[in-house]
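Throughout the sequence shown, residue numbering follows my numbering, covering 1219 to 1707 in sequence.
From the three backbone atoms N, C-alpha and C, an ideal C-beta is built for every residue, glycine too.
All values reported here derive from a predicted model rather than from experimental measurement.
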Amino acid sequence: MGIVLKQSFINTIILFLGFGVGGINVLFLYTHFLHADYFGLITFLLSAANILLPLLVFGMQNTIIKYYSSYKTKFERDNFLATTLVIPLFIIIPLALIGTLIYENIANWISEENPIIKNYTYLIFITAIFMGYFEVFYAWTKVHLKSVFGNFIKELFPRICTSFLLVAVYLKWLTNEQFIYSVVVVYGLSTLIMMLYAFYVYKPTLKFVLPNNIKEIMSFSFYIIVAGSAAGILLEIDKFMIPQMEKIAQVAYYSVGIYIASVIAIPTRAMQQITSPITAKDMNDDNYVEVEKMYQQTSINLLIVGGLFFLLINLNINDMYELINKPEYTKGVWVVLIISLSKLVELALGTGNAILVNSVYYKIFFYLSIAMAVTVIFLNKWLIALIGIDGAALATLIVMVVYSVIKIFYIKSKFKIQPFSIQTIKISIVLSVVFIIFYFWNFPFHPIINMGIKGILISGVYIFLINQFKISKELNELFLKLLKKQKNH
């Protein structure tokens, strides 16, 4: 777990910095410098691009993770990497031609409820290409266990650039319209930087010779592309569907709530950068002892760290929105709690998704992802009409709970491993007790002071209980090391 902990720690810091910069953007700069309609527009465009992304690159980012370690010679690896760069072009070029022919119909359909979208529809396709190839080159570096720089370019670079762009809008150096185009350029620049770094990490001899197992690769990619698209739908369809049923400004209110709740997912995003390729290698080597060990360790440790974020966010949410000082955005308060719960469920799954994707049973991931996507679309249509943006969040929670349970039982039936133990019950009790204790505690000071006081109290009680009940061996050892260092100093 040495390299996992080291890179996960660095990636977590990068993600925190990224979320910090993004938080400034979403909670303050976007809300105060950009018109709500354009905030909703850029959110919609990026979400739609994320949905399209897996299709355009034919799932090659996942294919690299799964198969790269199975090739033993440089010649085989070079052929494989060259193939992953070329295959997406057989999707992108025909779709670009078809899209050009029927562009007007697509643009009219997407912008039916909100005409502002129409002139920017083509940016979805361009951004998806940038995002797709970024993920391919990022996967290229991850299989060499070099995830940190790519994580920086993915999480921090676009957000820092966006901060400057939003300030430029405020200073009237850019119009709202020019800001939209500038963000797309930033994603293109990110991809270029990632490509150069990927070739720096490993420079193959690019000769397009098909790998011997090309049929197996194409079969896997086909299933993963659909599964990836379905997963993208699960994550982004709410922000795509809200403008079809509500005013586009509602997407802005929803996005703020989603962003705040997404902080809880920082630990799993950081750890997945390195655990996914390691899980793939262990699966290729039939090393199921290590697979189970990582499955259980990631589940409990992610729940502990994510649980602290859950408490800090939801027990300070009113002060957070008071700090934003935009009353219309408080419509997302319940979105924060509901999505936070769905993120906790996701954390509890640990490396479950990586196990499914990198096993011989990867097709079940395809079927489950399709079922999840279809279910969330129907639930969104019903619940958004019923209770607005809270309905979109509730749809996500329902789908996440149901299908996470199914995945856990499926992995248990096939591999005889599962992520839970008595420690899972302990952490659930600790989370519930701390939440109930502090839920009704409010201070009459400035929101920042309130959050500071409450945050220190919550963190102190939570960490004490985690340590006292010995819920995580790894985290307990970390606490002991930190205490020893403090005593030595």
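From what residue to what residue does the alpha helix (DSSP H) around residue i run?
i, result
"residue 1600", "1580-1605"
"residue 1281", "1278-1285"
"residue 1552", "1551-1566"
"residue 1660", "Counting along the chain, residue 1660 falls outside any alpha helix (DSSP H), and DSSP gives it neither H nor E."
"residue 1541", "1535-1542"
"residue 1300", "1292-1304"
"residue 1272", "1254-1274"
"residue 1409", "1394-1419"
"residue 1369", "1366-1373"
"residue 1514", "1506-1532"
"residue 1473", "1467-1480"
"residue 1572", "1570-1575"
"residue 1423", "Neither: residue 1423 is in no alpha helix (DSSP H) and is coded neither H nor E."
"residue 1251", "1248-1251"
Answer yes or no: do residue i and residue j have a C-beta to C-beta separation smaller than 8 Å?
i, j, result
"residue 1389", "residue 1400", "no"
"residue 1517", "residue 1567", "yes"
"residue 1478", "residue 1538", "yes"
"residue 1468", "residue 1626", "no"
"residue 1429", "residue 1276", "no"
"residue 1752", "residue 1346", "Any answer about residue 1752 is impossible in this case: the structure gives the chain only from 1219 up to 1707."
"residue 1563", "residue 1618", "yes"
"residue 1317", "residue 1348", "no"
"residue 1263", "residue 1338", "yes"
"residue 1368", "residue 1418", "no"
"residue 1474", "residue 1245", "yes"
"residue 1485", "residue 1524", "yes"
"residue 1247", "residue 1397", "no"
"residue 1613", "residue 1594", "yes"
"residue 1279", "residue 1366", "no"
"residue 1373", "residue 1232", "yes"
"residue 1435", "residue 1281", "yes"
"residue 1689", "residue 1636", "no"
"residue 1395", "residue 1515", "no"
"residue 1377", "residue 1239", "yes"
"residue 1647", "residue 1458", "no"
"residue 1471", "residue 1540", "no"
"residue 1529", "residue 1680", "yes"
"residue 1633", "residue 1506", "yes"
"residue 1520", "residue 1657", "no"
"residue 1433", "residue 1300", "no"
"residue 1463", "residue 1603", "yes"
"residue 1483", "residue 1561", "yes"
"residue 1229", "residue 1380", "no"
"residue 1409", "residue 1296", "no"
Using CA atoms only, rank isn't needed, just tell me which of the options is closest to residue i.
i, options, result
"residue 1574", "1259, 1284, 1522, 1262", "1284"
"residue 1286", "1384, 1531, 1431, 1635", "1431"
"residue 1498", "1530, 1580, 1525", "1580"
"residue 1684", "1643, 1268, 1667", "1643"
"residue 1676", "1650, 1689, 1249", "1650"
"residue 1652", "1672, 1373, 1437", "1672"
"residue 1666", "1238, 1542, 1603", "1542"
"residue 1405", "1565, 1238, 1260", "1260"
"residue 1584", "1232, 1440, 1279, 1235", "1440"
"residue 1629", "1520, 1570, 1254, 1514", "1570"
"residue 1496", "1536, 1510, 1484, 1375", "1510"
"residue 1494", "1335, 1602, 1300, 1360", "1360"
"residue 1465", "1632, 1240, 1483, 1254", "1254"
"residue 1265", "1476, 1621, 1551", "1476"
"residue 1663", "1639, 1507, 1589, 1536", "1536"
"residue 1687", "1258, 1500, 1645, 1380", "1645"
"residue 1271", "1330, 1294, 1228, 1352", "1352"
"residue 1304", "1328, 1456, 1315, 1350", "1350"
"residue 1601", "1438, 1669, 1456", "1456"
"residue 1552", "1615, 1597, 1402", "1615"
### 3-residue-minimum beta strand (DSSP E) runs that sit fully inside the stretch 1318-1361, ordered along the chain
none
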